[in-house]
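No gaps in the numbering here: position 151 of the sequence shown is 158 in our numbering, and each next residue is one more.
Idealized CB from N, CA, C, for every residue including glycine.
Working notes, beginning with the structure itself.
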Amino acid sequence: MRLAARRPVARRRRLAERAPGRAREPLVRREPHFAEPAELEPREVPGRLCTREALRSRTVPPPPARRGETAEDDQGDEVERGATRGGHGRRAYRTARDMGSDRGVRIAVPWHMPLPCVLRPRDHSASLPTPEVALRPARRALPQAACLLFVCLLSAGTTTGCAVPLGEAAEMAAQGGETRLQPQMRPIRGGERVLIIALDGVGDGALHAALAAGRLPSLARLLGPATGARTYRHGYAPPDVLTTLPSTTMAAWATVVTGAPPAETGVPGNEWFDRTERRFHAPAPVSVTGATHTLQSFTEGWLGRQVQVATLFERADVRSHVSLLPIHRGADLLTTPNGLDLFQVLSVIPEGLFGGAGFSAEAYIEMDEESVGPILGGFAAHGIPDVQLAYFPGVDLITHASDPPLEVQQRHLEEVIAPGLARIFEAYRREGLLDDTWIVVIADHGHTPVQHDDEHALGTDPETDPPAVLDAVGFRVRAPQLTVSEDDYSAVLAYQGAFAYVYLADRSTCPEPGDRCDWSAPPRFEEDVLPVANAYLTSSRHGRPVAALEDRLDLVLARRPVEVGEIPEPFSVLDGGSLVPVEDWLRDHPRPDWLRFAERLRGLAVGPHGHLAGDVLLVSRLSPTDPIERRSYFSGPYHSWHGSPTELDSVVPMMVLRPGGDGDAIQRRVERVIGQDRSTERFVPLVLDLLQIASR
């Protein structure tokens, strides 16, 4: 029996339900900015970061207590601390009250999380303001110093210091929300322009529900009235467009901006292990602590370097501006929210790092709101580009973290996204370009509601979660950290919401604790892969060897290993102790809710980088056809997740409109390009066609 989850110390803000006949409450009540921003000065912190405790006492707090222990805070209150399940489990949080504020709980931050040590009030006799009070003035008074702050805060998984040089972030911060990505920006070609609206986490059904309810009025006006099931006077929304498998953020956006499946892009998920490099990659950490790769994706193009195929911006070779998307290789300009809004963006983009409890809803709202200003600033300074990509990640994050998730998402679309789109459209209109600009709305995945507790969240607890199975079979599991000091692990886990990747070493190369495994050699099928796959299957079916995983997995897949450098085999379903090809298994066990499962699974696993999906593949129960009490996901506790092959997670919008165009003609053009494929792999060819650039 699985232990009952404890109630979290700091509860996540819930949005009040609107009573019938009453005016709608805003998502978050806003505090006015101070008329006189607090004057702050840099403070040197050589060699390490400070924490909240250190800001007051200038000392480093002791190591976290073990699970179940408590510690006294400065107010004399007992606060549970130190409990953790990898990057997502139970953590203790210090609230605004712990900071000496009487304003009540507004945000919650883990004990170990570094604080703004690079800034301090000039008046040292003044008490430290709460983060919510301090961050806003800092953003307006000293945007460059404020941007330096986010670098340290991103080292949330450690207290030893920032993982990248401050100079890199300072260079970015000094440019006030924009970074030139090319030595010399391409000239604006003119003619056909494309504006890409990239909505993270907004499935096809959610977008059309928002349009039907009048929540996106500026977009609806440009589309014009509906003339058919998916056609409008000025646009067309092709049905049944599928994203990657798993339907998870980084893998999906890599495919959107390249037109290639994960086995070719080299980005198989939010996090993964590369046995050829013996390195864990986590642009959006789910099972591990540490946000170094998230930060480096913005400061030095880290995620773009992982992408192994050409991007849209490289193939189009026209002036391209990108807002916030961490894959921007080949573009001319990257814009991000100014000052501390950038800190918020980079700190909360990881979907699993703090189990959704690290920041208030306001951080997610501001992330999307404040991204629009730099886009418009780029227009004013450099002109309206041939391609503009406006990425809105906050709508995904607030959906993960809110209850009820899908209702909150609709309100976010109405109250945050809609005004931002209106501002962007108006900028095109003022320049006389709107009617002749192609507007494409695209997303990476949808969302499935889940229960927010430790029973349904499959984390990294070594006794009750997926690592326990590996331990029971005799593997040494890599610690759930971005970088580890102990190098004798023989198994690695990487989480993707509905999927988990299991990487195995040949245990004969490292039989004893302390032995370093040879990860350049594949694991043995009979001695390594099959025992692990069978242990997960029996745990889910019969509760052995790990009772807490009973009925938590929908499917266990495995494949025969190949030598490094060879194209891997496709995954097969473990059934009755033997591997069955996916197509054969589906024929005997129909899953109509799993859309093009076999085809999309090959796109993940079979290709030059298919080995990045691991040796054993776990699929959790995350289907909307199951009652919510039965759904599970690989992550810390959230109110919704994604990654499954079902319609709710997998069908995404790929809407095309042109305010001066004809909807029927647009439909014919779009259908000619996407054909029967109907996946996000056709997005790049579609944009190139709209730009009248031959696909290359």
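Anticipated Cβ contact below 8 Å, residue i with residue j, distance rounded
| i | j | result |
| --- | --- | --- |
| Ala612 | Pro575 | 6 Å |
| Arg531 | Asp558 | Contact flag wrong, Cβ pair sits at about 30 Å. |
| Val316 | Ala267 | 5 Å |
| Glu185 | Leu340 | 6 Å |
| Ser642 | Ala464 | 6 Å |
| Val623 | Tyr543 | 7 Å |
| Leu629 | Ser639 | 7 Å |
| Thr272 | Val329 | Thr272 to Val329, Cβ: 17 Å. No contact. |
| Val264 | Thr343 | Incorrect: roughly 17 Å between the Cβ atoms, too far for contact. |
Status (buried if at least 16 other CB within 10 Å, exposed otherwise) for residue i
| i | result |
| --- | --- |
| Asp684 | exposed |
| Val569 | exposed |
| Gly682 | exposed |
| Ser579 | buried |
| Pro474 | buried |
| Ile635 | exposed |
| Arg31 | Any reading at Arg31 must be qualified, since the residue scores a pLDDT of 47, below 50, and its modelled position is unreliable; no value is offered. |
| Ala220 | exposed |
| Gly401 | buried |
| Arg18 | A caution first: Arg18 carries a pLDDT of 29, below 50, which makes its placement in the model too unreliable to give a value. |
| Glu369 | buried |
| Gly242 | buried |
| Gly83 | Note that Gly83 has pLDDT 37, beneath the 50 cutoff, so the model's placement of it is unreliable and no number is given. |
| Thr687 | buried |
| Arg607 | buried |
| Pro597 | exposed |
| Pro290 | buried |
| Val571 | exposed |
| Pro588 | exposed |
| Thr296 | buried |
| Arg336 | buried |
| Ala236 | exposed |
| Ser134 | At Ser134 the pLDDT is 30, less than 50, meaning the model places this residue with poor confidence; the figure from the coordinates comes in the next sentence. The residue in question, Ser134, is exposed, as its Cβ has fewer than 16 Cβ neighbours within 10 Å. |
| Pro660 | buried |
| Thr632 | exposed |
| Phe591 | Here residue 591 turns out to be Asp, not Phe, going by the sequence shown. The residue in question, Asp591, is exposed, as its Cβ has fewer than 16 Cβ neighbours within 10 Å. |
| Ser492 | exposed |
| Asp211 | buried |
| Gln699 | exposed |
| Ser706 | It is not possible to answer for residue 706, since the shown part of the chain is limited to 8 through 703. |
| Arg566 | buried |
| Glu533 | exposed |
| Ser585 | exposed |
| His549 | exposed |
| Arg437 | exposed |
| Cys57 | Legend: pLDDT at Cys57 = 34, less than 50; position of this residue unreliable, no value from coordinates given. |
| Val35 | The predicted position of Val35 is uncertain, since its pLDDT is 47 and thus under 50; a value taken from the coordinates is nonetheless stated next. Under this definition Val35 is a buried residue. |
| Gly311 | buried |
Opposing strand residues paired with residue i [DSSP bridges]
| i | result |
| --- | --- |
| Arg200 | Thr444 |
| Arg286 | Asp281 |
| Thr238 | Tyr243 |
| Leu625 | Ala507, Val563 |
| Phe641 | Leu465, Gly504 |
| Arg187 | Leu340 |
| Asp296 | The sequence shown places Thr at residue 296, rather than the Asp named in the question. BP columns for Thr296 point to Gln488. |
| Thr455 | Trp648 |
| Ile449 | Ala205, Met661 |
| Ala233 | Tyr239 |
### Task
Give a yes or no on contact between the region 631-651 and the region 411-429, applying the rule of three or more CB pairs nearer than 8 Å.
yes
#### Entry: alpha helix (DSSP H) runs wholly inside the region 535-602, at least 4 long, in chain order
Taking only runs of at least 4 residues, the alpha helix (DSSP H) segments lying wholly in the region 535-602 are 537-549, 589-595.
### Message
Closer than 8 Å is the cut-off here; do at least three beta carbon pairs connect the region 693-702 with the region 444-452?
### Response
Because the criterion of three Cβ pairs below 8 Å is met, the region 693-702 and the region 444-452 touch.
### Task
Answer yes if the region 446-462 comes into contact with the region 244-254, meaning at least three C-beta pairs across the two stretches below 8 Å, and no otherwise.
yes
### Query
Hey, which unbroken runs of the beta strand (DSSP E) at 3 residues or more fall wholly within the region 301-345?
327-330, 340-342
### Query
Fully enclosed by the region 632-700, which alpha helix (DSSP H) runs are 4 residues long or longer?
654-657, 670-681, 690-697
### Query
Are at least three pairs of beta-carbons, each pair with one atom in the region 486-505 and one in the region 271-283, less than 8 Å apart?
Yes: at least three Cβ pairs fall under 8 Å.
### Query
For the 8 Å Cβ check, are there 3 or more pairs between the region 430-443 and the region 380-397?
A contact is defined here as three or more CB-CB pairs under 8 Å, and the region 430-443 meets this definition with respect to the region 380-397.
### Task
Determine, using beta-carbon pairs with one atom in the region 656-669 and one in the region 483-492, whether at least three such pairs fall under 8 Å.
no
### Message
Between the region 581-590 and the region 221-232, can you find at least three pairs of beta-carbon atoms closer than 8 Å?
### Response
no
### Every unbroken alpha helix (DSSP H) within the region 380-416, with a cutoff of 4 residues, ordered by chain
401-408
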